[in-house]
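S.K.: The numbering of the sequence shown is this note's numbering, which starts it at -4 and goes up by one. Please read through the structure below; I'll follow up with questions.
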Amino acid sequence: MSAMSIATREILHGRREPEVRLLAVCALALVPWIAVLALTLPAHAVARNWSLAWSGFDVLLALMLAATAWLRRRGDVRVGAVAGASAAMLVVDAWFDTSTSAKGLDSAMAWFSAVFIELPLAAICGRIALRTGR
């Protein structure tokens, strides 16, 4: 067995504890930060480059969904990671669409899109991600 494969195996399988600790500390550190944001952020804000942010996010989401479809069609094992990222992006899209939409028709459209398009697609992508490699 080569030195590279031994080192790779140790990184992937033998030394998880520092990563686990780091992730747990970061998760705990977010709790007070979330409280600060909830208590200090204004209810309304004007954002610079709002349309660029949203259209850029949707372009990336479209590319991720296309990559998921392409990798799935090819039977490529990398589809799991891409599908998982696509699922996460769809959930984030649904969250921000519903939480930032204006009252009335905008809100109704955001909720319709979340319930009937984004979240079902996220579930499909999540299923693909979880079943990959089994």
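We put the CB at the ideal spot given by N, CA and C, even for glycine. Treat the numbers as computed from the prediction; the structure is a model and nothing was measured.
Using only alpha-carbon positions, find the residue among Pro13, Ala89 and Arg69 that is nearest to Phe111.
M.R.: Counting from 1 along the sequence shown, the entry for residue 111 is found at position 116. Here the closest residue by C-alpha is Ala89.
S.K.: Quick one: grab the DSSP three-state call for Val72.
M.R.: Against the sequence shown, residue 72 aligns to sequence position 77. Correct three-state label for Val72: coil.
S.K.: Tell me whether the beta-carbon of Thr63 lies closer than 8 Å to the beta-carbon of Ala78.
M.R.: Along the sequence shown, read from residue 1 onward, the residue named residue 63 stands at position 68. Along the sequence shown, read from residue 1 onward, the residue named residue 78 stands at position 83. Result yes, Cβ atoms of Thr63 and Ala78 sit closer than 8 Å.
S.K.: Does the Cβ-Cβ distance between Val123 and Arg67 come in under 8 Å?
M.R.: By one-based count along the sequence shown, residue 123 stands at place 128. By one-based count along the sequence shown, residue 67 stands at place 72. Just to set this straight, residue 123 is Ile in the shown sequence, not Val. Closer than 8 Å, so yes.
S.K.: For a test of the three-state rule: what should DSSP assign to Gly207, helix, strand or coil?
M.R.: Given that the chain is displayed from residue -4 to residue 129, the structure contains no residue 207 and the question cannot be resolved.
S.K.: In angstroms, rounded to a whole number, what distance separates the CA positions of Leu85 and Trp45?
M.R.: By 1-based counting over the sequence shown, the position of residue 85 is 90. By 1-based counting over the sequence shown, the position of residue 45 is 50. Cα to Cα, Leu85 sits roughly 18 Å from Trp45.
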